[in-house]
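Encoded as structure tokens, the structure appears first; notes follow it.
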Amino acid sequence: PAAIEATLLNAQLNGVDQLIVVETGDVRSVRGTYDLVLANILAPVLLADAQDIASRVTALGSVILSGFTMSRVDDIAQRYTALGLLETRRIEVEGWFALQMQRMDER
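In our numbering, the protein residues as written are -19 to 87.
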């Protein structure tokens, strides 16, 4: 898909292509935990898959959630906070939001 191609190209341009894993598919097909998890999908999916997404974040790791509007920011922040993540940054660009959250427990 185009999103994968763009991600790989940007990673290569930034010299981090050997440091990342890019996969297609549902979050439930992903195994293991990661220091950084990126999820750029709409709010209903971020909320429905919150448990699976949060469980992929290592102890003291971060997740960046994006692809939603202001009307859903607090819902998403509260859901992931309930799963052991702390909001560390909130960004808005042209009406679209992103949250950076960090796992604070040692797991």
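From the three backbone atoms N, C-alpha and C, an ideal C-beta is built for every residue, glycine too.
The shortest CA-to-CA distance from Arg36 to any of Ile0, Gly12, Asn(-10) is the one to Gly12. By the Cβ test, the segment 48 to 55 is in contact with the segment 17 to 24, since at least three Cβ pairs between them sit closer than 8 Å.
Secondary structure within the segment 45 to 83: the beta strand (DSSP E) runs of 3 or more consecutive residues, fully enclosed, are 65 to 73, 76 to 83 (chain order). Shown here for Ala57: same chain residues with a beta carbon closer than 7 Å to its own, the five before and five after excluded, namely Glu67, Leu79 in chain order.
Exclusion of the five residues before and after Val43 leaves Val17, Val37, Met81 as the residues of its chain whose Cβ lies within less than 6 Å of its Cβ.
Arg52 is positioned such that its CB atom lies no closer than 9 Å to that of Asp29.
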